Amino acid sequence: MSIAAKKTPSCSELTVHLDKTGGSNETNALFRFCFGRDLSEQSADGTVNIPIPLQVLGNGAKFEVWETSEPVHSGRIANNMFFAASTSWLMIHTTVLIDDTSDLSSLTHDIYNNMLNEVVQRNYEDIVRTWNYIPEINKGDGDSERYRQFSLGRSIAFESHNCNSETLPAGTAIGSVAGTQLGITILAAKSSNIRVENPRQMSAFQYPRQYGPRSPSFARAVLLSQCELPVLLVSGTASILGHESVHTSKLINQAEETTRNIVSLRDAALKQSGTAESFSAGCLRIYVRDKADFPIAVDSLKELLHNRDGSKPDYIVLLGDICRTDLLVEVEAVYQARPPLADNIALA
Ligand code: 3EB
4 MSIAAKKTPS CSELTVHLDK TGGSNETNAL FRFCFGRDLS EQSADGTVNI
54 PIPLQVLGNG AKFEVWETSE PVHSGRIANN MFFAASTSWL MIHTTVLIDD
104 TSDLSSLTHD IYNNMLNEVV QRNYEDIVRT WNYIPEINKG DGDSERYRQF
154 SLGRSIAFES HNCNSETLPA GTAIGSVAGT QLGITILAAK SSNIRVENPR
204 QMSAFQYPRQ YGPRSPSFAR AVLLSQCELP VLLVSGTASI LGHESVHTSK
254 LINQAEETTR NIVSLRDAAL KQSGTAESFS AGCLRIYVRD KADFPIAVDS
304 LKELLHNRDG SKPDYIVLLG DICRTDLLVE VEAVYQARPP LADNIALA
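Quick note: the sequence shown uses the working numbering, first residue 4, plus one each step.
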């Protein structure tokens, strides 16, 4: 028997798809990412639009829509902080303008602290995913680099909320161009979920001191095990083996190493999930540091863009800086579990 057949799911279904038009025909949108935009808003249909201020490369979608079968309500928490909620899910999003005088560590700490408090107050238990877009993420030297200052503030906030290796969310941290807003989004679930680490990579929260004063607060993947069909949220994944960047300045090799990392993570998730046959289809975001790398990056990621079961995931390519200067490409993904074949037949 599959997870889906055996268990009474306590979470509603959660689905993710890319959309070219962003039409308001999405009846069950929980929220919607808007690529290439810089301002948050609630759209005319009430759905919270989350801006991602990165250029879309190629003829890609403009929107990524997260849907639930549950009724959704949304609103404003504070000036620049929006939420969208259903019984099972809570999304909180904020944007802030920063400049060279900003103390990014304490700013990040304050934002995360506020968001984590909101999650607790609203009775959601598990923060499953964060997305962080940081203008000029690699600006500054050594420990004063923006990404490292961001990581410092985030780590202290998670620590003071007693988050640990069993409860850190899946994450993304990508650089946007100067003058855009710092954007932070978190997604929380009503009840707890499963963390998946990658046997090929050191857990990011255990990285050694050389990468900054505090290690990055994210899990390699989170398995939403209570959904009717389990969903795997894969963090931004790059060409890192152990804790080291590999294939420095070699795009194709980095893309292939990234592919191996995601395949290995998917296999680890499959083992932990117990009964699913595979994680397939899904939705990918590919980030490249250099515009000119776009076609070669996509070609080199072909294994990720053709699932073993013949299905093809939706994907979008975005121009963004990876948080380590020696990395050229990063991929994040959402996969859906497929029940074992016998159960498919039995359920049909
Ligand atoms: C890495 O594996 C690459 O700091 O939230 C990927 C995903 C990366 C999330 C984060 C950083 C983050 O370390 C960088």
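Glycine included, every Cβ here is placed at the ideal spot set by N, Cα and C. For clarity, every value in this text was computed on a predicted model and none was experimentally measured.
- Rounded to whole angstroms, the separation of the alpha carbons of Ala87 and Glu128 is 16 Å.
- Annotation: the continuous beta strand (DSSP E) that includes Ser283 extends over 281–291.
- Scanning Glu16, Gly145, Ala336, Ser281 for the CA closest to the CA of Tyr318 turns up Ala336.
- The DSSP-derived three-state label of Met205 is coil.
- Shortest Cα-Cα distance from Val199 to any of Lys274, Ile53, Leu244, Ala258 involves Lys274.
- Leu254 places its beta carbon less than 8 Å from that of Ser303.
- For the pair Ser15 and Ser72, the CB atoms are nearer than the 8 Å cut-off.
- Taking 8 Å as the upper bound for CB-CB distance, His112 and Ile159 are in contact here, some 5 Å apart.
- Asn126 and Ser218 have their C-alpha atoms spaced approximately 28 Å apart.
- With 16 or more neighbouring CB atoms inside 10 Å of its own CB, Val320 falls in the buried class.
- Pairwise C-beta distances place the segment 184–195 in contact with the segment 96–112, as three or more of them are shorter than 8 Å.
- Within the same chain, Cβ atoms closer than 6 Å to the Cβ of Arg292 are found at Asp324, Ile325, Leu331, the five residues on either side in sequence being excluded.
- Of the residues Asn62, Ala241, Ser91, the one whose Cα lies closest to the Cα of Val334 is Ala241.
- Ranked by Cα distance from Phe38, the first of Gly174, Asn31, Ala32, Val68 is Val68.
- Every unbroken stretch of the alpha helix (DSSP H) spanning 4 or more residues and falling wholly within the segment 51–129 is given here in chain order: 107–124.
- Apart from sequence neighbours up to five positions away, the residues of its chain that approach Asp22 with a beta-carbon distance below 7 Å are Ala64, Phe66, Val68, ordered along the chain.
- Judged by DSSP secondary structure, Arg35 falls within the beta strand (DSSP E) whose first and last residues are 32–38.
- Just measuring C-alpha positions, the residue of Asn52, Val59, Ile189 sitting nearest Met94 is Ile189.
- Contact check between the segment 254–264 and the segment 297–316: three or more CB pairs, one atom from each, fall below 8 Å, which counts as touching.
- Distance from the CA atom of Phe153 to the CA atom of Pro138, rounded to whole angstroms, is 11 Å.
- The DSSP-derived three-state label of Ser248 is strand.
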